[in-house]
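J.: Residue numbers (the numbering used here), protein chains in the order written: chain A, 1 to 224; chain B, 1 to 445. C-beta atoms are modelled at their ideal positions from N, C-alpha and C, and glycine is treated no differently. Structure below; questions to follow.
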């Protein structure tokens with residue numbers, strides 16, 4: 001998968017690039033709208049991550065132009081502007097998703113995977129998790145064809161952890177994912193623990209869940 | 001005391017003073033006038049008498065006698081002629097007594113020395129002072145009536161004019177100070193008046209309000225810009241730490257050492273987010289067009305927060321009538337407002353505590369939502385500052401940066417709701433939101 005990061009903040013672009021390359025994405029970085037168009041004329045990209053505050057052109061205008069150059073690419077807008085209006089405009093112009101800065105890299109990856117999944121159809125959406133099977137499309141988790149009843153938030157949490165398996169996930173990252181853009185001062189409190197406790201309780205009624213590990217002082221990890 | 005009342009009192013009292021002075025001075029004035037008039041009258045009479053004597057000759061009146069006297073029937077006036085021996089010859093007018101047919105009268109008497117055939121005669125013309133007095137009282141009464149009438153009329157005119165004159169003052173105070181609401185965004189229209197002083201006052205107030213408006217706008221702009229500028233560096237820092245956290249060469253102990261950094265970064269993020277949110281509210285970036293069922297909204301909030309309530313075993317009691325709709329609001333903001341309040345009610349509650357949400361509406365009165373908890377409460381001295389930014393009650397152990405209630409306040413102010421907090425330390429806290437009746441529509445069931 002080839003990704004173009006259009007971001008004038010070099011340090012930020014580099015961090016995103018470093019992270020995506022670990023996930024076997026290939027990254028190009030463009031600091032200006034001109035650089036971005038030049039690159040797009042030569043290469044085809046699967047993803048274009050677009051910052052709205054570019055020095056030479058408004059990102060929304062660039063999006064409008066580049067839709068012609070790279071019609072097959074998926075666009076994710078990354079911006080410090082949190083205006084609802086910008087978000088609507090961006091999605092109107094054909095962006096696939098919208099992430100407000102500061103965003104978590106894990107969140108970015110999960111959005112990218114969701115887009116890929118959406119675009120490629122039912123491409124192996126059932127993932128094995130210990131003795132369980134997780135169907136991301138139907139949002140269901142089964143143990144030997146018996147469905148386990150998880151709440152919406154619990155399922156979100158589990159699939160997010162599954163997506164980032166074998167990585168340490170902090171409580172902040174987890175709560176940011178499920179409480180997301182919502183303006184809540186307390187989303188980082190230990191409320192996430194309640195959800196994990198419930199998931200453990202519900203799943204371990206069917207089979208052991210030793211793969212769901214608690215990292216003392218940090219958070220949680222799915223180890224497979 | 002109101003300016004109009006003061007002016008009215010002053011005008012009335014000053015006129016009353018004039019009346020009193022005049023009433024006391026009137027007898028003297030009228031006396032003086034009639035005195036002067038009597039003197040004039042007597043002089044005129046003298047001229048007539050002299051004319052007649054000239055024409056008819058002195059003998060016609062004396063008829064061989066040495067004296068002549070004539071008086072009217074009631075003796076109000078008399079004329080007499082008598083020989084005069086001693087030397088002085090000037091006219092005099094004086095008040096003196098005369099005895100006529102055994103009656104003694106006070107007369108105003110004019111004396112004149114008359115020369116005829118080398119003999120001197122004394123001519124006296126008299127008028128009783130009693131008749132002079134009669135005119136006096138009549139004159140006094142009429143003057144007094146006229147005066148009172150005129151003064152009443154002038155008071156009426158004065159009051160009407162004063163009322164019109166100071167009317168712009170009330171309008172200036174009303175439009176410039178009382179009705180202008182925080183954060184003073186609407187532009188001010190000068191009040192129409194021809195009084196320069198009021199124009200000056202009006203202008204000064206407009207200037208002042210514009211300065212305040214400008215200062216607020218600058219503050220809002222600064223908050224917004226500063227927060228935005230902070231987002232990018234925070235973003236870099238966060239992604240940097242995330243990458244580090246995922247570094248496979250890091251041991252779990254090393255990862256744990258990153259946590260304080262992550263905590264601090266998160267705190268920073270929350271503050272910046274909240275500030276941006278407040279500045280977005282204050283910059284009118286939310287459309288107020290939604291119609292919201294407050295019952296359903298609160299139900300949604302309680303569902304969203306149910307896991308937190310479970311954690312503390314807190315009961316949520318919703319006693320809000322489901323028929324009440326609130327119009328012209330922003331649903332997201334209203335949700336946030338309720339969310340923050342209910343969240344606080346959980347956060348500062350005791351284990352196994354209760355949260356009660358009630359509503360109250362008398363007909364035509366504002367609609368009130370009351371959220372009360374059985375939590376730790378707020379000390380009396382801190383109640384006034386809970387809605388300020390960056391204040392938190394010292395009792396709470398859990399972290400929180402005091403922006404939750406600032407957001408609540410901003411949302412309330414943005415919609416024109418009133419919000420107040422009452423609390424008993426250790427007993428609980430009650431927050432009331434007062435929504436003006438104009439926002440309320442009762443659903444027809």
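#1: Short of 7 Å Cβ to Cβ, which residues in the stretch 233-253 of chain B face chain A?
#2: Does residue 163 of chain B come out as helix, strand or coil in the three-state DSSP assignment?
#3: Using CA coordinates, which residue listed in A:32, A:66, A:72 is at the minimum distance from residue 57 of chain A?
#4: Give the straight-line distance between the Cα atoms of residue 426 of chain B and residue 306 of chain B, rounded to the nearest whole angstrom.
#5: Strictly below 9 Å CB to CB, what residues from chain B border residue 103 of chain A?
#6: Tell me the rounded alpha-carbon separation between residue 163 of chain A and residue 115 of chain A.
#7: Kindly indicate the opening and closing residues of the beta strand (DSSP E) around residue 81 of chain A.
#8: Name the DSSP beta bridge partners of residue 295 of chain B, please?
#9: How long is the line joining the alpha carbons of residue 357 of chain B and residue 194 of chain A, rounded to whole angstroms?
#10: Smallest Cα separation from residue 81 of chain B: which of B:171, B:105, B:111?
#11: Per DSSP, what kind of secondary structure is residue 53 of chain A in: helix, strand or coil?
#12: Taking only beta-carbon atoms, is residue 310 of chain B less than 8 Å away from chain A?
#13: Nearest to residue 246 of chain B by alpha carbon, out of A:148, A:160, A:135, A:105?
#14: Between the alpha carbons of residue 84 of chain B and residue 58 of chain B, how many angstroms are there, rounded?
#15: Go to residue 5 of chain A, then tell me how far its beta strand (DSSP E) extends in each direction, as first and last residue.
#16: Could you pull out every residue in the same chain whose Cβ sits closer than 7 Å to the Cβ of residue 140 of chain B, ignoring the five residues on either side in sequence?
#17: CA-CA distance, residue 397 of chain B and residue 69 of chain A?
#18: Would you say the stretch 155-173 of chain B touches the stretch 60-74 of chain B, given that touching needs at least three Cβ pairs under 8 Å?
#19: Residue 398 of chain B by DSSP, collapsed to three states: which one?
#20: Got a sec? Which residues, its chain only, sit under 8 Å from residue 442 of chain B by beta carbon, not counting five neighbours each side?
#21: Could you compute how far the alpha carbon of residue 423 of chain B sits from the alpha carbon of residue 378 of chain B?
#22: Our contact map puts residue 374 of chain B next to residue 347 of chain B with C-beta atoms below 8 Å; I'd like the distance itself, whole angstroms only.
#23: Are the stretch 41-56 of chain A and the stretch 76-91 of chain A touching, with three or more C-beta to C-beta distances below 8 Å?
#24: Which residue wins for smallest C-alpha separation from residue 151 of chain B, given the options B:100, B:16, B:187?
#25: Have a look at the DSSP bridge pairing and note the partners of residue 115 of chain B.
#26: Taking 8 Å as the limit between beta carbons, can you name the residues of its chain near residue 261 of chain B, skipping five residues before and five after?
#27: For residue 243 of chain B, list the residues DSSP reports as bridge partners.
#28: Starting from residue 56 of chain B, trace the alpha helix (DSSP H) in both directions and tell me its first and last residue.
#29: Taking Cβ positions only, does residue 178 of chain A come closer than 8 Å to chain E?
#30: Once the 5 residues before and after residue 171 of chain A are set aside, which same chain residues still bring their CB inside 6 Å of it?
#31: Run through chain B and tell me which residues come within less than 7 Å of residue 168 of chain A, C-beta to C-beta.
#32: Residue 218 of chain A versus chain B: which residues are under 9 Å apart at the beta carbon?
#33: Rounded to a whole number of angstroms, what is the C-alpha to C-alpha distance between residue 41 of chain B and residue 156 of chain B?
#34: Who pairs with residue 70 of chain B in a beta bridge, going by DSSP?
#35: Between which two residues does the beta strand (DSSP E) harbouring residue 428 of chain B extend?
#36: Starting from residue 18 of chain A, trace the beta strand (DSSP E) in both directions and tell me its first and last residue.
T.: The structure says:
#1: 234, 235, 236, 238, 239, 240, 242, 243, 245, 246, 252
#2: helix
#3: A:32
#4: 24 Å
#5: 235, 238, 239
#6: 14 Å
#7: Taken as a continuous stretch (DSSP letters only), residue 81 of chain A belongs to no beta strand (DSSP E), as it is neither H nor E.
#8: In the DSSP output, where bridge partners are listed per residue, residue 295 of chain B has none listed.
#9: 25 Å
#10: B:111
#11: strand
#12: yes
#13: A:105
#14: 14 Å
#15: 2-6
#16: 26, 27, 30
#17: Because residue 397 of chain B sits at a pLDDT of 45, beneath the cut-off of 50, its placement in the model cannot be relied upon, and the following sentence gives the value as read from the coordinates. Using only the alpha carbons, I get a separation of about 55 Å.
#18: no
#19: Here the model assigns residue 398 of chain B a pLDDT of 46, short of 50, so the residue's position is not dependable and the matter cannot be decided.
#20: 323, 324, 325
#21: 6 Å
#22: Not a contact, Cβ separation roughly 13 Å.
#23: yes
#24: B:16
#25: B:120
#26: 241
#27: Looking at the DSSP assignment, residue 243 of chain B forms no beta bridge with any residue, so it has no partner.
#28: 3-56
#29: Looking at the structure shown, chain E is missing, and the protein chains on hand are A and B.
#30: 192, 219
#31: 245, 255
#32: 245, 252, 255, 256, 258, 259, 262
#33: 41 Å
#34: B:79
#35: 428-435
#36: Unbroken run through residue 18 of chain A is the alpha helix (DSSP H), 10-22; no beta strand (DSSP E).
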